[in-house]
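Input: a single structure, listed below in structure tokens.
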Amino acid sequence: MLVAAAVCPCPPLLVPEVATGAATELDAVRTACADAVGLLAAARPDRLYVVGPATGGADGVFPAGTTGSFAGFGVDLSVRLGDGPAGDRTLPAPLAVGAWLLVRARWSGAPVEGLGVGEETPAEACAATGRELAASAERVALLVMGDGSACRTVKAPGYLDERAAGFDAEAVRALGGADAPALLALDTGLARELKVSGRASWQVLAGAAEGAGLDGRLLHEDDPYGVEYVVVAWS
């Protein structure tokens, strides 16, 4: 059963070495993410899954020990997802950011596994995956990586789309209120148009949370660079 979850944004800029001179601009997000991961540890799970968006065939399972790199962002920095052999695959960037958050928190509370979810995965398939994760151990926790819309300002990666504010408001309400049905009702097509990377991961969380009776708490919300970042804890 799912006993706790943390929802965090996944921009590589969360890693100070990647952000360089702009690192301080995301200090509040990093602090909130650290708090959310700390709440995961406090739940004493038997297993932790790091769930995040994946593209270009980078979906599927990433066992403990899988490494990720930020070399593609100009930084000679690598991370490892928990303890285990490195394996043949490398973590997609969102899962690498999740692994970095765990390293930063000195995670040792439970075995860790990564799961990349294709951004086009239908809502019901995401929910079914979440149910499988929740049933895999007596006490399961999720670290869920993903951003909201990337269309909130004219300088955003997707430029300004007037629909972004409304979509994000509903997503934040659902995440902060641990409202699984509302998360599953998020419009897949609109999420794609608004460049929402977190939709599929959030819907995996919604499936995992069915029947768990968890409460949600919004820890942080902001839209630097025109991208919606939200940090939430479910317990």
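Using the working numbering, the letters of the sequence shown map in sequence onto residues 21 to 255.
Cβ atoms here follow ideal geometry from the backbone N, Cα and C, with glycine treated the same way.
- In terms of Cα proximity to residue 173, the closest of 189, 244 and 236 is 244.
- If you look at residue 124, you'll find it in the alpha helix (DSSP H) that goes 113-124.
- Per DSSP, the continuous alpha helix (DSSP H) segment holding residue 221 begins and ends at 219-228.
- Within the same chain, and ignoring the five residues on either side of residue 170 in sequence, the residues whose Cβ sits closer than 6 angstroms to its Cβ are 176, 177, 178, 215 and 247.
- A residue is called buried when at least 16 other Cβ atoms come within 10 angstroms of its Cβ; residue 201 does not meet this threshold and is exposed.
- The residue from 61, 155, 118 and 87 with its alpha-carbon nearest to that of residue 105 is 87.
- The Cβ atoms of residue 126 and residue 21 lie no closer than 8 angstroms to each other.
- Here residue 251 is actually not in contact with residue 30; their C-beta atoms are around 11 angstroms apart, not less than 8 angstroms.
- With respect to the 8 angstroms criterion, residue 238 and residue 196 are classified as neighbours on the basis of their beta carbons.
- Under the DSSP assignment, residue 28 falls in the beta strand (DSSP E) whose first and last residues are 22-28.
- Residue pairing for residue 80: DSSP places it in a beta bridge opposite 136.
- Contact between residue 203 and residue 223 holds, with the beta-carbon distance rounding to 6 angstroms and staying under 8 angstroms.
- Distances from the CA of residue 58 to each of 181, 137 and 25 were compared; the closest alpha carbon is that of 25.
- Secondary structure at residue 253: strand, using DSSP grouped into helix, strand and coil.
- For residue 55, no beta strand (DSSP E) segment is defined; the enclosing uninterrupted segment is the alpha helix (DSSP H) at 47-62.
- Taking the C-beta atoms as reference points, residue 89 is found no nearer than 8 angstroms to residue 166.
- In this structure, the alpha-carbon of residue 81 lies about 19 angstroms from that of residue 123.
- Per the DSSP secondary-structure output, residue 73 pairs in a beta bridge with 137.
- Judged by their CB atoms, residue 228 and residue 150 are nearer to each other than the 8 angstroms cut-off.
- With respect to residue 147, residue 226 sits close: the two C-beta atoms are nearer than 8 angstroms.
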